[in-house]
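Under numbering that gives the first Met the number 0, the first residue of the sequence shown carries the number 0, and numbering increases by one thereafter.
Inspection log for the structure reproduced underneath, given as structure tokens.
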Amino acid sequence: MATLVVLDFDATGVKQPSRSAAAAAAKLGEAHGLIAGKSVGGIAEMAAKIPGLAKILVADDALYEHALAEPLSALIVSLAGGYDHIISAATAVGKNVMPRVAALLDVQVISDVSGIEDAETFIRPIFAGNALATVRSSDAKKVMTIRASSFDPVPAEGGAAVIETIASAAGDDKSAYISSELSKSERPELTAAKIIVAGGRGMQNGENFTKLIDPVADKLGAAVGASRAAVDAGFVPNDYQVGQTGKIVAPELYLAVGISGAIQHLAGMKDSKVIVAINKDADAPIFQVADYGLVGDLFTILPELDKAL
């Protein structure tokens, strides 16, 4: 049987982590995508262009407008009979919905899959990414979340999937949508950015993020990230956080400024293609994973970098 990929999307189309999940699904054979939401006909047409997806299932209902776990998991479970594998990117939606799907199907959830060896054998990080575990599941249905940074996303165009409208599934009403407060930025989304400039406790305060990091990020077309220490200190919002308890990223260039390199942070960015570290402490752990390291005062180096750019 085929693999069902639960696609995460917004008004602009299917998000990059879900295209990475589609790349992972391709290793398992035929894959179908699921688009569930309100007035999602246009999104479904975009999803149909994703290479590797043979079919797009569309559930167009206000019930799924806000991707609440209860109705969405009920829909996925109603479709589970036709699939051996049900996967989603390890995004906020995926992490919210897939464990519930697994519980309803009475199977385990295999989280943060970073490698697929065969239909029953998968690789996932453990111990904050310091080790990789190879796990084999004998469950009839494999429910998984995919670590997007471990799979290169398939292109947004080039496919020609069939679009099929499906009926809604009745779910419980234990939760209700109240409101959302979303951060707005002209910069790239952190998990999809090709370049990230991240600051740590060494930035000292939020004003320095704005004064020193933002100009460099704007000139590079980069997203701005932060360590947990910087977020906990209130320098920047928590949606900037990169790390084990934040966002997992793998950009082409990761510029770590004033970040010591705690294990928790390294777990979220060590798969970056090129890592550049700026820190005044020559013994900082970040230099152990950095491709290029610059020992010096960030308050001197960043203005010089900004001027050079």
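Backbone N, C-alpha and C define an ideal beta-carbon position, used for all residues, glycine too.
Only residues of its own chain outside the window of five on either side were considered, and among them ILE162 have a CB closer than 8 Å to the CB of GLU44, listed in chain order.
The three-state secondary structure of TYR253, taken from DSSP, is strand. In the structure shown, LYS306 falls within a helical segment according to DSSP collapsed to helix, strand and coil. Contact between the region 52-67 and the region 26-41 is present: three or more C-beta pairs spanning the two stretches fall below 8 Å.
The beta carbon of ASP151 sits closer than 8 Å to those of SER19 and ALA22, all from its chain and outside the five residues before and after it, given in chain order. In terms of CA proximity to ALA139, ALA118 leads the group PRO187, ALA118, ALA132 and GLU156. A direct Cα-to-Cα measurement between LEU104 and ALA132 gives close to 24 Å.
In the three-state DSSP reduction, GLU163 falls in the strand class (E or B). Put simply, the backbone Cα of TYR291 is about 44 Å away from that of LYS54. Put simply, of LEU181, PHE8 and LEU308 the residue whose alpha carbon is nearest the alpha carbon of ALA46 is PHE8. Taking ASP238 as reference, the option from LEU71, THR90, PRO50 and LEU27 with the minimal CA-CA separation is THR90.
Remark: C-beta atoms of GLY81 and ALA160 do not approach each other more closely than 8 Å. A distance below 6 Å between beta-carbons, with the five flanking residues on each side excluded, links MET268 to the following residues of its chain, in chain order: VAL241, VAL248 and TYR253. The region 208-220 and the region 258-276 do not touch, with fewer than three beta-carbon pairs separated by less than 8 Å. Only exposed fits ILE125, as fewer than 16 other CB atoms lie within 10 angstroms of its CB. Judged by pairs of C-beta atoms under 8 Å, the region 162-172 does not touch the region 195-203, as fewer than three such pairs exist. Here SER178 is exposed, its C-beta having fewer than 16 other C-beta atoms within 10 Å. Check the Cα spacing between GLY93 and each of GLN203, ARG123 and VAL142: the tightest is with VAL142. Ranked by how close their Cα comes to the Cα of ALA1, the residues THR11, LYS26 and VAL112 have LYS26 in first place.
Note on LEU6: 16 or more other CB atoms within 10 angstroms of its CB, so buried under the neighbour-count rule. The alpha-carbon separation between HIS65 and TYR176 amounts to approximately 7 Å.
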